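What follows is a set of notes on a single structure, which appears directly below.
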Amino acid sequence: MPCFSCGARQTDPVRGSSPWKRGVRGETQVLVCPDCQRTHDLELDTCSACGSAALICRLGEVECRSCGAVRPAAAGERTLSPRPSGPSKELADEVEAALNRVLGRVH
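First residue of the sequence shown: 1, per full-length UniProt numbering; consecutive thereafter.
Next comes the structure, spelled out in structure tokens:
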């Protein structure tokens, strides 16, 4: 899943925790890349109990990772769609490189 804001795709992770963060926007779970996390106007949904933006959306519920509050996800509000991104040469090259690493191919 790409960053909902800029469309960047995650690369192979290094050991440790991922610098990418999850959030909820428009009742839909989204990923936010490290660069976009520095932006303060991401318009992520916030918890009605504590105001935190550390929310996750799963199985029709939105849960706050800060205070543990859970609420049902509003039905019918899932209109957010990722920014359009057609097939790109960069993505094709990334996929090819990953397959070559996994399959031990050498160019």
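The beta carbon of each residue, even a glycine, is placed where N, CA and C say it ideally should be.
Fair warning: this is a prediction, and the values are worked out from it, not measured in the lab.
Residues near residue i by beta carbon distance below 8 Å, same chain, minus five either side
i          : result
residue 18 : 10
residue 61 : 70, 71, 72, 73
Residue i, DSSP secondary structure in three states
i          : result
residue 99 : helix
residue 83 : Any reading at residue 83 needs caution, since the residue's pLDDT is 48, under 50, leaving its predicted position unreliable; the model's value is listed next. If DSSP states are grouped into helix, strand and coil, residue 83 belongs with coil.
residue 94 : helix
Endpoints, the alpha helix (DSSP H) within which residue i is located
i          : result
residue 19 : Here residue 19 belongs to no alpha helix (DSSP H), and DSSP marks it neither H nor E.
Boundaries (first-last residue) of the beta strand (DSSP E) holding residue i
i          : result
residue 36 : That residue, residue 36, is in no beta strand (DSSP E); its alpha helix (DSSP H) goes 34 to 37.
Close Cβ partners of residue i (< 7 Å) along its chain, the five nearest in sequence each way excluded
i          : result
residue 54 : 64, 65, 66
residue 25 : 4, 43, 44, 45, 80
Cβ separation of residue i and residue j, assumed to be a contact under 8 Å, to the nearest whole Å
i          : j          : result
residue 29 : residue 50 : Between residue 50 and residue 29 the Cβ distance is about 19 Å, and since that is not below 8 Å, they are no contact.
Burial state of residue i, where buried means 16 or more other Cβ atoms lie within 10 Å
i          : result
residue 33 : buried
residue 27 : buried
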